[in-house]
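*Asks:*
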Amino acid sequence: MSRFTVDGSKQATNLFEAAAWQYAVRVSCGWCTHMAVFDPHALWWLFHRKGWDDRLPAAARRFVCIPCRQNWQMQAKGAARISLVREAPTVTSLPLAAGA
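Here the sequence shown stands for residues 89 to 188, numbered as in our numbering.
1) Taking the straight line between their C-alpha atoms, what separation do you get for Phe-126 and Arg-114?
2) Using only alpha-carbon positions, find the residue among Trp-160, Thr-180, Val-94, His-129 that is nearest to Glu-105.
3) How would you label Asp-95, buried or exposed, when you count the other beta carbons within 10 angstroms and need 16 or more for buried?
4) With a threshold of 16 other CB atoms inside 10 Å of the CB of Trp-109, please say whether the residue is buried or exposed.
5) Which residue wins for smallest C-alpha separation from Gln-99, given the options Thr-180, Val-173, Ser-181?
6) Roughly how many angstroms separate the alpha carbons of Ala-185 and Trp-133, rounded to a whole number?
7) First and last residue of the alpha helix (DSSP H) that includes Cys-117?
8) If you follow the beta strand (DSSP E) that Phe-126 is in, where does it begin and where does it stop?
As structure tokens, then:
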């Protein structure tokens, strides 16, 4: 369920709301400066198909920073920060739902 900010605007709390309100999802690593912007519809569809929790804090725990993993052989899982932005997606490899 969405929350409201002090000025009365809606704040998405899960990927479904981000997709419905046309917010792109920016994921940034907590260890390095790497970041990616995902299409919210494709990201929601991935989480829906896998049966994963799509609330933003739970979704952040699903992301792994590939550069950190390759460079330091560590799985920087759970260090991701999610923010909702009005930017063009930089990651376009996720499939959309059929008929979308």
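Where is the CB? At the ideal position from N, CA and C, for every residue including glycine. Just so you know, these numbers come straight off a predicted model, no measurement behind them.
*Replies:* Let me spell this out:
1) Walking along the sequence shown from the start, residue 126 turns up at place 38. Walking along the sequence shown from the start, residue 114 turns up at place 26. When rounded, the distance between both Cα atoms is 6 Å.
2) The residue given as residue 105 occupies position 17 in the sequence shown. It is His-129.
3) Taking the sequence shown and counting its residues from 1, the one referred to as residue 95 is at position 7. By the 10 Å Cβ count, Asp-95 comes out exposed.
4) Working through the sequence shown from its first residue, we reach residue 109 at position 21. Trp-109 should be labelled exposed.
5) Counted from its first residue, the sequence shown places residue 99 at position 11. Selected option, being the one with the closest Cα: Val-173.
6) Along the sequence shown, one-based indexing puts residue 185 at 97. Along the sequence shown, one-based indexing puts residue 133 at 45. Cα-Cα distance, rounded: 6 Å.
7) What you label residue 117 is simply residue 29 of the sequence shown in a count that begins at 1. Not the alpha helix (DSSP H): Cys-117 falls in the beta strand (DSSP E), residues 112-117.
8) Here residue 126 corresponds to residue number 38 of the sequence shown, with the count starting at 1. Its beta strand (DSSP E) spans residues 123-126.
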